[in-house]
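Novice: Below you'll find the structure I mean.
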Amino acid sequence: MPELTLVEAINLALARAMEEDANVVVLGEDVGVNGGVFRATVGLQQRFGAARVIDTPLAELLISGLCVGMAAQGLKPVGEIQFMGFIYPCIDQLVNHASRLRNRTQGRLSCPMVLRTPHGGGIRAPEHHSESTEAMLAHIPGLRVVMPSSPERAYGLLLASIRDPDPVVFLEPTRIYRAAKGQVEDSGEALPLDVAFVLRQGRDVTLISWGAAVKETLAAAAELVGHGVDAEVIDLATLKPYDEETVLASVTKTGRCVIVHEAARTGGFGAEIAALIAERGLTSLLAPVARVTGYDTVMPLPRLEQRYIPSVSRIVAATRKVCEFA
Amino acid sequence: MADDGLPVIARFEVRRRSYLAPDGTLLRPLPDFASDIPTLLALYRGMVLTRAFDLKAVSLQRTGRLGTYAVSLGQEAVSVGVASAMRAEDVLLPSYRDNGTLLWRGTKMEEILLFWGGDERGNLSSGPAHDFPYCIPVGSQAPQAAGVAYAFKLRKEPRVAVCLFGDGATSKGDVWEAMNFAGVHKLPLLFVANNNQWAISVPLKLQTASQTLAQKAIAAGFIGEQVDGNDVIAVRAAAEEAIAQARAGGGPRLIEALTYRLSDHTTADDAARYRPPEEVQARWKEEPIARLRAYLVSQKAWGKAQEEGLATECQKEIEAAIERYLASSPRAPETMFDHLYAELPRSYASQRAELSGGSDA
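Each protein sequence line maps, in turn, to chains L and X. The first sequence lines up with residues 1 to 326 when you count with the working numbering. The second sequence lines up with residues 1001 to 1361 when you count with the working numbering.
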């Protein structure tokens, strides 16, 4: 099995999906000849032609609207928004149309589209290039929000998202596009959506994360061993709709939970998970749920971004505190 | 800008199409289809039915039996003229005011009432299954229309997407982004700007300083044409030509249909707050139904007896539809989850169960 980076796994999944289904089209800014600013679509236009790998005008609203129209007509569009900071013109299409076309037509029309975008900071990018506003999207009924944290899951979850009959926003962790490497076989096998992945079994505490923050969370779990803490690590993977049962089962077992995400704290998706545990897992809790998150301020420019992104030491400290709670 | 001897590198022009004067007399020779009287009678019937239906819908709203409703009073020629130029396999992306277009394409009156009466099942529509439902966020259907048209082009299908919106929508990026893309890819797409002069309370002169809306197509690299939107023959002829061009691979067009919103914006609006009644009265002299009727009468193709017969027929059809609408029951509450996703995610099963009065799953 070849070792691929996460972004190479994305490319592999796109090629696979285009190969097996002529209805799959890829569209976005610079996705064609240039192969995408992160090279996620490299080679696709050469292989599948300019009609199926479309260099769109510089217009994000258009890209999302095109996806809705194409999807309603039976194509399987995969739109790319170059950075998450530029996804906001698409919100109207996502909220008012993509997510509810099936419902408002009572199943007469549907919207099997995927909108991909790089997520998060940590690559010393300019202003507006380091957003992690997944909670905004996860609040939209009818949408799926998926975020892989490894090359294997990037491949399997992207294939699943493209094959899914409903709209998916697929958030790709920019920080580990190339840093994450893994064995990926081009098997054409998808991984399940709406399912969380238990990456590490543990007895003492449940660490829940998604996207690039999974990397620091796993590193923290490894470090916690030295402090006598056996942490379970869950990659949520699909934020909307999310796997409540896996979360609750783990917390029932460990009695303690720390949620790690890069996005700002207030109204972040961690709040949803904490609320779920408070509603349905309270009696198994041995300590208050803790969150290690970005701060409730604007994502700073690169000189300070590492102070914003949850670090291994912050996760370790928060987890130790939770574990020491009497 | 001073001349300075600089060369002119481009000139553009916009044409306006009209055949019938407001009094129904001919301004120029009619297009071929208009020599067929049954065709004109069908257009006439479509407009009369739309108006009668709209007015009945308003009275239903006034008596608490319908929600907010957007009337197309005075604009029936745009709805019917465009619809009559389409084929069933073409795809319609309507605005919230295109009642006549939906009716022409087979949506039942009770379905329209069901939707505006607060039930998603109205959008199930007996019209072509691929048509889009009413679009309420202004102009947001335009980029979708470009997506639909792109699908046709990719699959080499001789089909056309037809996207209707109002003058207000032309101020939105949505419409521009869609036109721009349609121009680049020569998409089989007809844009119809129903210029009824008012976007709720905002008149056209506050919407744009552009001399015409049609010229916005020129910037996107294709033809924009103005038509007298109160002349159903002109609308039909312009739409037919544009759709034929699009079907043949000749790319998109924009039709700006000049008309006037004789009604309030919706039943929730009171236009007397922002426009003088004299303006509206003057515009009644240009409305499309009286105009075509005058022409048909002049051709000895229509008379008082036919008019009365048509009115009775329309009333009967509408009354029967209203009865079916009023007799329908609300859907079961838990069905609000039934078309959220293709398959309801496990996480939401308990919420659905709560609505059905069942136990928490």
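All C-beta atoms in this analysis are idealised placements derived from N, C-alpha and C, irrespective of residue type, glycine included.
Just to confirm, is the Cβ distance from threonine 56 of chain L to glycine 120 of chain L under 8 Å?
Specialist: Looking up residue 56 of chain L in the first sequence gives position 56. Looking up residue 120 of chain L in the first sequence gives position 120. No, the pair does not count as a contact, with Cβ atoms beyond the cut-off.
Novice: Quick one: list the residues of chain X neighbouring arginine 104 of chain L, beta-carbon separation under 7 Å, in chain order.
Specialist: Mapped onto the first sequence, residue 104 of chain L falls at position 104. Chain X residues near arginine 104 of chain L: Glu1120, Asn1123, Pro1133.
Novice: Run through the DSSP bridge pairs and tell me what serine 209 of chain L is partnered with.
Specialist: Counting from 1 along the first sequence, the entry for residue 209 of chain L is found at position 209. For serine 209 of chain L, which the question treats as bridged, DSSP gives the partners L/Asp235, L/Val260.
Novice: Would serine 250 of chain L and threonine 206 of chain L qualify as a contact pair, given that the criterion is a beta-carbon distance under 8 Å?
Specialist: As a first step, residue 250 of chain L must be located in the first sequence, where it is residue number 250. As a first step, residue 206 of chain L must be located in the first sequence, where it is residue number 206. Cβ atoms of serine 250 of chain L and threonine 206 of chain L: closer than 8 Å.
Novice: Can you check whether the C-beta of phenylalanine 1181 of chain X is within less than 8 Å of a C-beta belonging to chain L?
Specialist: For this step, residue 1181 of chain X is matched to residue 181 along the second sequence. Yes, contact with chain L.
Novice: Kindly list the residues whose CB is nearer than 7 Å to the CB of valine 1048 of chain X, restricted to its own chain and excluding five residues on each side of it in sequence; keep chain order.
Specialist: Mapped onto the second sequence, residue 1048 of chain X falls at position 48. Around valine 1048 of chain X: Ile1289, Leu1310, Cys1314.
Novice: Please say whether glycine 267 of chain L and alanine 98 of chain L have beta carbons closer to each other than 8 Å?
Specialist: Within the first sequence, residue 98 of chain L is the residue found at index 98, counting from 1. Within the first sequence, residue 267 of chain L is the residue found at index 267, counting from 1. Taking 8 Å as the Cβ cut-off, alanine 98 of chain L and glycine 267 of chain L do not qualify as a contacting pair.
Novice: Using Cβ-Cβ distances below 7 Å, what residues of the segment 236-248 of chain L are close to chain X?
Specialist: Of all residues in the segment 236-248 of chain L, Pro241, Tyr242, Glu244 have a Cβ within less than 7 Å of some Cβ in chain X.
Novice: State the CB to CB distance for the pair glutamine 106 of chain L and asparagine 1123 of chain X, rounded to an integer number of angstroms; the pair is presumed to be in contact (CB under 8 Å).
Specialist: Here the question's residue 106 of chain L lines up with position 106 in the first sequence. Here the question's residue 1123 of chain X lines up with position 123 in the second sequence. Indeed they touch by this definition, with Cβ atoms about 6 Å apart.
Novice: Below 8 Å, how does it come out for the segment 1210-1223 of chain X and the segment 1274-1285 of chain X: are there three or more Cβ pairs, yes or no?
Specialist: These segments do not touch.
Novice: Any idea what DSSP makes of cysteine 67 of chain L, helix, strand or coil?
Specialist: Indexing the first sequence from 1 puts residue 67 of chain L at position 67. Cysteine 67 of chain L falls in the helix class under three-state DSSP.
Novice: Since alanine 1342 of chain X contacts aspartate 166 of chain L with CB under 8 Å, what's their CB separation in whole angstroms?
Specialist: What you label residue 1342 of chain X is simply residue 342 of the second sequence in a count that begins at 1. What you label residue 166 of chain L is simply residue 166 of the first sequence in a count that begins at 1. About 6 Å; that satisfies the 8 Å criterion.
Novice: Does any CB atom of chain X fall closer than 8 Å to the CB of threonine 319 of chain L?
Specialist: On the first sequence, residue 319 of chain L is found 319 positions in, with the first residue counted as 1. No, because no Cβ of chain X sits closer than 8 Å to the Cβ of threonine 319 of chain L.
Novice: For tyrosine 1096 of chain X, which of X/Glu1225, X/Pro1133, X/Glu1354 has the nearest alpha-carbon?
Specialist: Position 96 of the second sequence, counted from the first residue, corresponds to residue 1096 of chain X. For tyrosine 1096 of chain X, the nearest C-alpha among the options comes from X/Pro1133.
Novice: Are the CB atoms of proline 1252 of chain X and phenylalanine 1191 of chain X within a distance shorter than 8 Å?
Specialist: Looking up residue 1191 of chain X in the second sequence gives position 191. Looking up residue 1252 of chain X in the second sequence gives position 252. Contact: yes.
Novice: What do you reckon, are the CB atoms on glutamate 172 of chain L and threonine 117 of chain L nearer than 8 Å?
Specialist: Translated into the one-based positions of the first sequence, residue 172 of chain L becomes position 172. Translated into the one-based positions of the first sequence, residue 117 of chain L becomes position 117. Taking 8 Å as the Cβ cut-off, glutamate 172 of chain L and threonine 117 of chain L qualify as a contacting pair.
Novice: I'd like the ranges of any alpha helix (DSSP H) spanning at least 4 consecutive residues and lying wholly in the segment 1137-1191 of chain X.
Specialist: Correct list: 1141-1154, 1173-1184.
Novice: Which residues share a DSSP beta bridge with valine 316 of chain L?
Specialist: Here residue 316 of chain L corresponds to residue number 316 of the first sequence, with the count starting at 1. DSSP, once it has assigned bridges, lists no residue as partnering valine 316 of chain L.
Novice: Using 8 Å as the threshold, is the C-beta distance between arginine 1159 of chain X and phenylalanine 1152 of chain X below it?
Specialist: Counting from one through the second sequence, the residue named residue 1159 of chain X turns up at place 159. Counting from one through the second sequence, the residue named residue 1152 of chain X turns up at place 152. Closer than 8 Å, so yes.
Novice: Helix, strand or coil: which one does DSSP assign to phenylalanine 170 of chain L?
Specialist: As a first step, residue 170 of chain L must be located in the first sequence, where it is residue number 170. Strand, per DSSP.
Novice: Can you tell which of X/Ala1219, X/Ala1248, X/Ala1234 has the C-alpha that lies nearest to the C-alpha of leucine 1020 of chain X?
Specialist: What you label residue 1020 of chain X is simply residue 20 of the second sequence in a count that begins at 1. Answer by Cα proximity: X/Ala1234.
Novice: Can a CB atom of chain X be found closer than 8 Å to the CB of histidine 97 of chain L?
Specialist: For the purposes of this step, residue 97 of chain L is taken as the residue at position 97 of the first sequence. Yes, histidine 97 of chain L counts as interfacial toward chain X.
Novice: Drop a sphere of 10 angstroms on the beta-carbon of methionine 1086 of chain X, count the other beta-carbons inside from all chains shown, and report buried for 16 or more, exposed for fewer.
Specialist: Reading the second sequence from its first residue, position 86 is the one you call residue 1086 of chain X. Looking at its Cβ environment, which holds 16 or more other Cβ atoms inside 10 Å, methionine 1086 of chain X is buried.
Novice: Are there 16 or more other CB atoms within 10 angstroms of the CB of tryptophan 1284 of chain X, so buried, or fewer, so exposed?
Specialist: The residue given as residue 1284 of chain X occupies position 284 in the second sequence. It is exposed - the Cβ of tryptophan 1284 of chain X has fewer than 16 other Cβ atoms within 10 Å.
Novice: Tell me whether the beta-carbon of glycine 32 of chain L lies closer than 8 Å to the beta-carbon of glutamine 45 of chain L.
Specialist: Counted from its first residue, the first sequence places residue 32 of chain L at position 32. Counted from its first residue, the first sequence places residue 45 of chain L at position 45. Result yes, Cβ atoms of glycine 32 of chain L and glutamine 45 of chain L sit closer than 8 Å.
Novice: Looking at chain X, is there any beta carbon in it that lies within less than 8 Å of the beta carbon of proline 165 of chain L?
Specialist: Reading the first sequence from its first residue, position 165 is the one you call residue 165 of chain L. Answer yes: the Cβ-Cβ gap between proline 165 of chain L and chain X drops below 8 Å somewhere.
Novice: Look up glutamate 3 of chain L in the DSSP assignment and say whether it is helix, strand or coil.
Specialist: Within the first sequence, the letter at position 3 stands for residue 3 of chain L. Note: glutamate 3 of chain L maps to strand in three-state DSSP.
Novice: For a test of the three-state rule: what should DSSP assign to tryptophan 1302 of chain X, helix, strand or coil?
Specialist: Working through the second sequence from its first residue, we reach residue 1302 of chain X at position 302. The answer is coil: DSSP assigns tryptophan 1302 of chain X none of H, G, I, E or B.
Novice: Tell me, which residues are paired with proline 1203 of chain X by DSSP?
Specialist: Residue 1203 of chain X sits at position 203 when you count from the first residue of the second sequence. For proline 1203 of chain X, which the question treats as bridged, DSSP gives the partners X/Trp1198.
Novice: If we count the other Cβ atoms within 10 Å of its Cβ and call it buried at 16 or more, is aspartate 1360 of chain X buried or exposed?
Specialist: As a working mapping, residue 1360 of chain X is identified with position 360 in the second sequence. Confidence at aspartate 1360 of chain X is low in this model, with a pLDDT of 47, below 50, so its placement is unreliable and the value that follows should be read with caution. Exposed: under 16 other Cβ atoms inside 10 Å.
Novice: CB-CB under 6 Å to threonine 238 of chain L, same chain, minus the five flanking residues each way: which ones, in chain order?
Specialist: Locating residue 238 of chain L in the first sequence gives position 238, where the first residue counts as 1. The answer, listed in chain order, is Val146, Leu193, Asp194.
Novice: Between the C-alpha atoms of aspartate 243 of chain L and isoleucine 208 of chain L, what's the straight-line distance to the nearest angstrom?
Specialist: Looking up residue 243 of chain L in the first sequence gives position 243. Looking up residue 208 of chain L in the first sequence gives position 208. Taking the straight line joining both Cα atoms gives about 12 Å.
Novice: Between the beta-carbon of alanine 1034 of chain X and the beta-carbon of arginine 108 of chain L, is there less than 8 Å?
Specialist: Within the second sequence, the letter at position 34 stands for residue 1034 of chain X. Within the first sequence, the letter at position 108 stands for residue 108 of chain L. Cβ atoms of alanine 1034 of chain X and arginine 108 of chain L: not closer than 8 Å.
Novice: If you follow the beta strand (DSSP E) that glutamate 1225 of chain X is part of, which residue opens it and which one closes it?
Specialist: Reading the second sequence from its first residue, position 225 is the one you call residue 1225 of chain X. Note, glutamate 1225 of chain X: beta strand (DSSP E), 1223-1228.
Novice: Closer than 6 Å by C-beta to isoleucine 259 of chain L: which residues in its own chain qualify, once you throw out the five before and the five after it? Chain order, please.
Specialist: Residue numbering aside, residue 259 of chain L sits at position 259 when the first sequence is read from its first letter. Answer for isoleucine 259 of chain L: Ile208, Gly270, Ile273, Arg291, listed in chain order.
Novice: If you compare alpha carbons, which of X/Asp1231, X/Leu1060, X/Leu1296, X/Pro1038 is closest to glutamate 1110 of chain X?
Specialist: Taking the first residue of the second sequence as 1, we reach residue 1110 of chain X at position 110. Considering only alpha carbons, the answer is X/Leu1060.
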